[in-house]
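Asker: Respectively, the protein sequence lines represent chains A and B. Residues 4 to 308 in our numbering are what the first sequence lists, from first letter to last. Residues 1343 to 1871 in our numbering are what the second sequence lists, from first letter to last. For glycine and all other residues, C-beta sits at the position ideal for the given N, C-alpha and C.
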Amino acid sequence: MFQYAIRRLFGTLPTLLLIIALAFFMMRLAPGGPFDKERKVTAEVEANLMAAYHLDEPLPMQFVRYLGNILRGDFGPSFQYKDFTVTELIWGGFPTSLKIGGMAILLAAMIGLTLGTLAALKQNSAIDYAVMALAMTGITIPNFVVAPVLTLVFGLWLSWLPVGGWGSWSQVILPTVALGLPQIAAIARLTRGSMIEVLRSNYVRTARAKGLPEHIAITRHAMRAAMVPVVSYMGPAVAGIITGSVIIEQIFSIPGIGRYFVQAALNRDYTLVMGVTIFYGLLIILFNLAVDLMYGLLDPRVRYD
Amino acid sequence: MTMAFTRLRLAAIAGAFALAATGAQAETVLHRGNGAEPETLDHHKSTGVTEANIIYDLQEGLLVFSPNGEPAPGAAESWDISDDGKVYTFHLRADAKWSNGDDVTAEDFVYSLRRAVDPATASDYAPILGPILNAEDIIAGKMPTDQLGAEAVDAKTLKVTLKASTPYFLGLMVHHISWPVHKATVEKFGADWTKPGNMVSDGPYMLAEWVPQSKIVLKKNPYFHDAANVKIDTVIYYPTEDIGEEFKRFRAGELDMTYSVPTDQVKWAEKNMPNEYRNSPYFGTYYYVINLTREPLASNVNLRKALALAIDRDLLVNKITQGGEQPAYEWVPPGVPGYEQQPVDFASMTQKERNELAKKLYAEAGYSADNPLKVQVLHNTSERHRKIAIAIASMWKKTLGVDMTLTNQEWKVYLDSRDKKDFQIARAAWIGDYMDASNFLDLFVSTAGERNDAGYNNPKFDELLNAASLNPDPAARQKQLEEAERIFLTDLPIIPIYHYRNLNMISTKVKGWVPNVMGFNLTRYLSLE
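See the structure below:
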């Protein structure tokens, strides 16, 4: 399995190169540049700015220069946030996004798996319908509605929790809930669906026939197989969540990297866009690999050579 | 027993005093909301208001803003102006110091002014220093920086030579582009000099902490010459992109001051938090700029006037924007000392009269219900601009029958379109950098390049502005600028719509906040009770 993992990782290098090339060239297609402002600069100042950031060189040359730099770990300065390098911004913001995202996923997994299993065991009962209705609401209501409502109710009306900001434990709760709710819904639905199927299978019937207590039959036997679709979903989902949500970070004023995905593009901050794109690409690749490896652990029928 | 009891009581009283003393020494912290994350804290490179708010707390220049926004002595305690108005001699305070204890010297200012105009610094605001001798040539790369008209006579005396007499020069010295940087720090750390721990500043505060997108913490500078009067020990700036959420944080008590107020909350704030809601004039104009290279608006001034007449500005500010804005019938906003406003002739008409005249001019231009004028209005993506444009579209439709199409573009694309003159009418705004009419009028001089996106070209206008820039008599100069604005508004390359207001929520705990038309409220003048 180790060799499989290494081979997979090497296989991703061409994908990564393609991502970098596509992002690099596509970004330059959008009209407007990083230094366009309403207050116009003189032609000389603009020429100086472009030269300082190598934006006056032909594109292919800029691309090669960029590749050379990232191989040395230099992702360049941010064009928009001039006092910081891209590396400083991403490394500074990622732990925050990871913290919130990680907790949201953990919360979502625990609650989602429990609710989904419960719904599957009591299929077509009142509990099943209640869980599915809740799941549907969680998936359909967008988080830019949920988040402000949460701040209004818990921050202003009840004054139980802070409205925004980052630094104390109480400021982690609302964003985690807002981020996790749609995931709880999705995971619950997936778990229910796959669990229903697994419960019908022969080996679960055997386990029950043998007289195993129900909770052992579920947790030790059914759960592992039922988790396969959930894990497939969670691979890219986790990568997406831990890189932060633009909306949650904006509403709660959280210093994560989620906002950079949108802001950097709007600001034409070429280096920051490249930095977060590569970072996100890497995470997706790693998590997809992790998911594939997990299959081996979950389903004994899967073999890797 | 009595002795012991008395000693106990004395001890208790002493203890109480000690506690009270520590209580009195507890740190005062001000929490300020501050719009978008600053692009940089290098004041020779920054361009926005969010950066300026922080910089005006960290640094100090020759002059600074007083609480009501007027220029006041800063690092310079006095100055002499030569008879011809071309030479300014600034006498620096003996006790002006940097946050590491170094003296602030005239050499610091010479170094910094040269750095600001140096093409290598690529500073957006450097052209503001144009009045200084040779500044424009240095910015254009035609002369080396040591030719700048700034000289250190001795450690505490700075001599600045101007190209021509510039009555508003002292006002320019309040802008952070002219403020000093600490030479040794900049040379040692290069681009990293603005990081906390590296930065050395000469203003009331020092940079203690900077967490991007979260907070910027400033602590009192013990070496500041007026430190005794700086009441607030720590000020924390919170970048807040969503003004709705900023408003909620203020209501929850997490912020003491906000950057702005969402327009849909203005009525609520006026009613429920009248002591905290502040609405004051702001030195800016919201307008529609007309592309004078595109027909039919290009050659027909009466058609442009018809469009300008048919906008019911009172309705717009009362029902649509609702922020207490002032309808604008002139280009330069009110507040410039010594300058008389130049409203257009239709400012004194009623809206009914304006609509009548508009219909007449529209018909004379050959348009009617069967042959309507088609216009396109460009704005950057924003609910506010959309609402205003839709209101104006319906006014033009109802009164004249004009067919308007709305185009909204993302900010950078919108700027690009304006640069390339790829629009017919575009929404625009200009906030003044310093309190002088030339800051508004210079935008439309024919040689202004991309800045003049109307493509306005009137030789008389250019001539007046040029003459004003060389005129040593301040009163005569104002008259020339006023005449220039009259010509400008007769030609109507723009349609002024409203003058901006500054909307803030200020907690009742904050004392010393005074509205000022430039919108800068330095923390050094504030206190918390």
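Does the CB of Gly299/A have a neighbour CB from chain B at under 7 Å?
Answerer: no
Asker: Can you list, in chain order, the residues of its chain whose CB lies under 7 Å from that of Ala1436/B, leaving out five sequence neighbours each side?
Answerer: These residues qualify, in order along the chain: Lys1498.
Asker: Do you know offhand how far Leu25/A's Cα is from Ala1779/B's?
Answerer: It is roughly 48 Å from the alpha-carbon of Leu25/A to the alpha-carbon of Ala1779/B.
Asker: Comparing C-alpha positions only, which one of Lys1740/B, Ile1730/B, Leu1720/B sits nearest to Ala1711/B?
Answerer: Taking only the C-alpha atoms, the option nearest Ala1711/B is Lys1740/B.
Asker: Could you pull out every unbroken beta strand (DSSP E) segment of at least 3 residues lying fully inside the stretch 1388-1446 of chain B, listed in chain order?
Answerer: 1405-1407, 1413-1415, 1418-1423, 1429-1434
Asker: What is the C-beta distance between Tyr1629/B and Ala1770/B, in whole angstroms, given that I count them as a contact (C-beta under 8 Å)?
Answerer: 6 Å
Asker: Does any C-beta atom of chain C lie closer than 7 Å to the C-beta of Gln253/A?
Answerer: In the structure shown, chain C cannot be found, because the protein chains are A and B.
Asker: Under the DSSP definition of a beta bridge, which residues are partnered with Met1860/B?
Answerer: In the DSSP secondary-structure assignment, Met1860/B is not bridged to any residue.
Asker: What three-state label does DSSP hand Asn127/A in the structure shown?
Answerer: coil
Asker: Can you tell me whether DSSP reads Gly1472/B as helix, strand or coil?
Answerer: coil
Asker: Name the chain A residues whose beta carbon is nearer than 7 Å to that of Glu1752/B?
Answerer: Leu269
Asker: What is the DSSP secondary structure of Glu1551/B, reduced to helix, strand or coil?
Answerer: Looking at Glu1551/B - three-state DSSP - the assignment turns out to be strand.
Asker: Which residues does DSSP list as the beta-bridge partners of Gly71/A?
Answerer: Note: Gly71/A sits in no beta bridge, so no partner.
Asker: Are the beta-carbon atoms belonging to Leu1549/B and Pro1835/B less than 7 Å from one another?
Answerer: no
Asker: With contact counted as at least three CB pairs below 8 Å, one residue from each stretch, are the stretch 1513-1530 of chain B and the stretch 1398-1411 of chain B in contact?
Answerer: Touching, yes, given that three or more Cβ pairs across the two stretches are closer than 8 Å.
Asker: Quick one, are the C-beta atoms of Leu1490/B and Arg1456/B less than 7 Å apart?
Answerer: yes
Asker: For the beta strand (DSSP E) holding Trp1772/B, just list the boundary residues, first then last.
Answerer: Trp1772/B -> beta strand (DSSP E) spans 1767-1773.
Asker: List the residues of chain A that Ala1910/B touches, going by C-beta distances under 8 Å, in chain order.
Answerer: Shown here, chain B extends from 1343 to 1871; a query on residue 1910/B therefore has no answer.
Asker: DSSP three-state label for Val1603/B, please.
Answerer: coil
Asker: Helix, strand or coil: which one does DSSP assign to Val1787/B?
Answerer: coil
Asker: Within a Cβ cutoff of 7 Å, which residues of the same chain sit near Val279/A, ignoring the five residues on either side of it in sequence?
Answerer: For Val279/A, the CB contacts under 7 Å within the same chain, skipping 5 residues up- and downstream, are Ile93, Ile260, Tyr263, Phe264, Ala267 in chain order.
Asker: So Val1631/B is in the beta strand (DSSP E); what residue range does that whole segment cover?
Answerer: 1619-1632
Asker: Below 8 Å between beta carbons is the criterion; list the residues of the stretch 1802-1835 of chain B that meet it against any residue of chain A, in chain order.
Answerer: none
Asker: Is there a Cβ from chain A that is less than 7 Å from the Cβ of Gly1483/B?
Answerer: With 7 Å as the cut-off, Gly1483/B counts as an interface residue toward chain A.
Asker: Determine, for Arg1593/B, whether the minimum Cβ-Cβ distance to residues of chain A falls below 7 Å.
Answerer: yes
Asker: Can you tell me whether Phe13/A is buried or exposed? The criterion is at least 16 other CB atoms within 10 Å of its CB, across all chains shown.
Answerer: exposed
Asker: Using only CA atoms, which one of Asp1584/B, Arg1374/B, Phe1531/B lies nearest to Ile1578/B?
Answerer: The residue among Asp1584/B, Arg1374/B, Phe1531/B with its C-alpha nearest the C-alpha of Ile1578/B is Arg1374/B.
Asker: Could you check if Ala1610/B is buried or exposed, using at least 16 other CB atoms within 10 Å of its CB as the buried criterion?
Answerer: Correcting the residue identity first, residue 1610/B is Trp in this sequence and not Ala. Trp1610/B is exposed by the Cβ-count criterion.
Asker: In three-state terms, what does DSSP make of Pro1669/B?
Answerer: If DSSP states are grouped into helix, strand and coil, Pro1669/B belongs with the strands.
Asker: At what residue ranges does the stretch 161-234 of chain A contain a whole run of the beta strand (DSSP E), taking only runs of 3 or more?
Answerer: none
Asker: Mapping the DSSP letters down to three states, classify Arg1843/B as helix, strand or coil.
Answerer: In the structure shown, Arg1843/B sits in a strand (DSSP, three-state: E or B).
Asker: How close, in whole Å, do the beta carbons of Ser248/A and Gly168/A come, if the pair is a contact with beta carbons under 8 Å?
Answerer: Not a contact, Cβ separation roughly 17 Å.
Asker: Less than 7 Å separating the beta-carbons of Ser204/A and Pro232/A?
Answerer: no
Asker: Is Gln6/A helix, strand or coil when you go by DSSP?
Answerer: helix
Asker: Does chain A have any CB closer than 7 Å to the CB of Thr1600/B?
Answerer: no
Asker: If we define contact as Cβ-Cβ less than 7 Å, is Pro34/A a contact residue for chain B?
Answerer: yes
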